[in-house]
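Student:
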């Protein structure tokens, strides 16, 4: 009988979502572990908004030690930012932990040089402490607060307080903003296996294998419901409440969620922890779909883990191939180069025409290097007569998805479309046009 996680992997592939790793433990024992080629539980991975929960752990630890109170006015810790709008003056640290800031979203852009200042200069839309709106700038300000109070980088604080006591942290690092402050809402890179162990520690009330890492009170505060999220339109997983930078799915337990399909789920009643990493950037609302699939799968027998999780791949029939070799010139289109080098054959395609160049053997998983972004895995195939489809998963400090479709018609023209998805996809990854030899 097919296990539930094998079905999840197949369902994800049908949505063009690649699963990078899945691990599950019950009662502290590893019961499922699988990873895709080149990825897996021991390969450091960016976890995006899972970082928020770790920022909250640091803040709540400082509160437990009396270095701050969650009821403190935020401006009392940043007095140099005064004067500010009267509504922002009311904001407490707890308002930021619970995503009940006076804003409806993040106050900075990735390109802005002053992320911290933006939080204090943006005009509020409502009183803090009243409405839940997902606001990554709140997490960023909390990370800045941790660094200010401790006099250390976020990475060092979390390494000393959480990772090192458990013998973890190899490859762990924190991406920083343009102003050098930890990207506490999105920047953590760590091994998925480390997050599984940390999840087990949290289920143990801050203790694992006799090692006390966090006070139980800190863990209790991390998962205590703080905000009503029923106004959210992100799917059922996100509508049952929010704790301290951590989601509370309706089925019970807690969930750390990161962009693109990164999850740490803990169920205290079952003693279960699940960690999944993925790339859902090529699917509309893919990470929300994936969270539902994961929670449903955990209710059923998991099954045996595969030796390797296959990267999603287009169908391939070599009889559909059209052979083209040479440089083609644009006759129409936008976003792509005016000349593209192509070699099309039944079982191999070479393409050099956008920010990514690839040489892919149909039916195989082909690794590539993506300049300025990271590593990539290309799969491709002749999916219909005269149509070659390629998909590229890109994994670096950002994840991205690239799709390329090459259509060869009987009149000798070649039409190409490229789609780039995700924060790691530069503008040059998207375009379309028709070419001739």
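In our numbering, the protein residues as written are 471 to 907.
Beta carbons are placed, not taken as given, at the ideal position from N, Cα and C, and that holds for glycine.
As the structure is a prediction and not an experimental result, all values here were calculated from the model.
Can you tell me where the beta strand (DSSP E) with residue 904 in it begins and where it stops?
Tutor: First-last of the beta strand (DSSP E) with residue 904: 901-906.
Student: Determine the DSSP secondary structure at residue 668, reduced to helix, strand or coil.
Tutor: Residue 668: helix per DSSP, three-state reduction.
Student: Quick one: is residue 752 buried, meaning 16 or more other Cβ sit within 10 Å of its Cβ, or exposed?
Tutor: Under this definition residue 752 is a buried residue.
Student: Could you tell me the alpha carbon to alpha carbon distance between residue 548 and residue 725, rounded to whole angstroms?
Tutor: Distance between the alpha carbons of residue 548 and residue 725 is about 30 Å.
Student: Can you tell me which of the three DSSP states residue 889 falls into?
Tutor: Residue 889 falls in the strand class under three-state DSSP.
Student: Excluding the 5 residues preceding and the 5 following residue 684 in the sequence, name in chain order all residues of the same chain whose CB lies nearer than 6 Å to its CB.
Tutor: Cβ neighbours of residue 684 beyond the five flanking positions: 676.
Student: The alpha helix (DSSP H) spanning residue 481 covers which residue range?
Tutor: 474-484 is the extent of the alpha helix (DSSP H) around residue 481.
Student: Put residue 757 into one of helix, strand or coil per three-state DSSP.
Tutor: If DSSP states are grouped into helix, strand and coil, residue 757 belongs with the helices.
Student: Using only the alpha-carbon positions, how far apart do residue 568 and residue 773 sit?
Tutor: Answer to the nearest angstrom: the Cα atoms are 37 Å apart.
Student: For the pair the region 549-562 and the region 681-699, tell me if three or more CB-CB distances fall below 8 Å.
Tutor: At 8 Å Cβ cutoff, the stretches do not touch.
Student: From this set, 599, 755 and 688, which residue's C-alpha is nearest residue 708's C-alpha?
Tutor: Residue 708 has its Cα closest to that of 755, out of 599, 755 and 688.
Student: Under a Cβ-count criterion, where at least 16 other Cβ atoms within 10 Å of its own Cβ denotes burial, should residue 648 be classed as buried or exposed?
Tutor: By the neighbour-count rule (16 or more Cβ atoms within 10 Å), residue 648 is not buried but exposed.
Student: Does the Cβ of residue 732 have 16 or more other Cβ atoms within 10 Å, making it buried, or fewer, making it exposed?
Tutor: It counts as buried.
Student: Taking only three categories from DSSP, how would you classify residue 610?
Tutor: It is helical.
Student: Pairing CB atoms from the region 498-514 with CB atoms from the region 805-818, are three or more of them under 8 Å?
Tutor: Not touching, per the Cβ criterion.
Student: So, with DSSP's three-state summary, where would you put residue 589?
Tutor: In the structure shown, residue 589 sits in a helix (DSSP, three-state: H, G or I).
Student: Please report how far the alpha carbon of residue 498 lies from the alpha carbon of residue 532, in whole angstroms.
Tutor: Going by the C-alpha atoms only, they are around 28 Å apart.
Student: Taking the DSSP output, what are the residues bridged to residue 828?
Tutor: Note: residue 828 sits in a beta bridge opposite 821.
Student: Grab the span of the beta strand (DSSP E) containing residue 875 for me, first residue to last.
Tutor: It spans 869-878 - the beta strand (DSSP E) in which residue 875 sits, taken as one unbroken run.
Student: Counting Cβ pairs closer than 8 Å, one from the region 629-646 and one from the region 590-599, do we hit at least three?
Tutor: No, the region 629-646 is not in contact with the region 590-599.
Student: Expressed to the nearest angstrom, what Euclidean distance is found between the alpha-carbon atoms of residue 636 and residue 644?
Tutor: Between residue 636 and residue 644, the C-alpha separation is close to 18 Å.
Student: Can the beta-carbon of residue 494 be found less than 8 Å from the beta-carbon of residue 660?
Tutor: Cβ distance not < 8 Å, so residue 494 and residue 660 don't count as in contact.
Student: By Cβ distance, which residues of its chain are closer than 8 Å to residue 653, with the 5 residues on each side in sequence left out?
Tutor: Once the five neighbours on either side are set aside, the close Cβ partners of residue 653 are 521, 610, 613, 644, 645, 646 and 647.
Student: Helix or strand or just coil, what does DSSP make of residue 686?
Tutor: In the structure shown, residue 686 sits in a helix (DSSP, three-state: H, G or I).
Student: Does DSSP classify residue 531 as helix, strand or coil?
Tutor: Helix.
Student: Using 7 Å as the cut-off, classify the Cβ of residue 774 as near or not near the heavy atoms of the ligand FMN, replying yes or no.
Tutor: As far as ligands go, the structure on display features none, and thus does not contain the ligand FMN.
Student: Taking residue 550 as the reference, which of 618, 728 and 605 has the closest Cα?
Tutor: Considering only alpha carbons, the answer is 618.
Student: Look at residue 886 and residue 876 and say whether their C-beta atoms are less than 8 Å apart.
Tutor: Yes, Cβ-Cβ distance for residue 886 and residue 876 is below 8 Å.
Student: I'd like the list of long-range same chain contacts for residue 541, defined as Cβ closer than 7 Å, with 5 residues on each side in sequence excluded.
Tutor: So the qualifying residues of the chain are 562 and 564.
Student: Hey, quick one: how far does the alpha helix (DSSP H) through residue 812 stretch, first residue to last?
Tutor: Not the alpha helix (DSSP H): residue 812 falls in the beta strand (DSSP E), residues 809-814.
Student: Taking only the alpha-carbon atoms, compute the straight-line gap between residue 590 and residue 674 and give it to the nearest angstrom.
Tutor: For residue 590 and residue 674, the distance between alpha carbons rounds to 38 Å.
Student: Should residue 802 go down as buried or exposed, given a rule of 16 or more other Cβ atoms within 10 Å for buried?
Tutor: Classification for residue 802: exposed.
Student: Quick check on the DSSP output: the beta strand (DSSP E) that includes residue 742 runs from which residue to which?
Tutor: Where residue 742 is concerned, the enclosing beta strand (DSSP E) stretches over 742-749.
Student: Could you name the residues that DSSP lists as bridge partners for residue 515?
Tutor: Residue 515 is bridged to 660.
Student: May I have the straight-line CA-CA distance separating residue 822 from residue 474, to the nearest angstrom?
Tutor: The alpha-carbon atoms of residue 822 and residue 474 are separated by roughly 40 Å.
Student: I need the DSSP call for residue 594, collapsed to helix, strand or coil.
Tutor: Reduced to three states, the DSSP call for residue 594 is coil.
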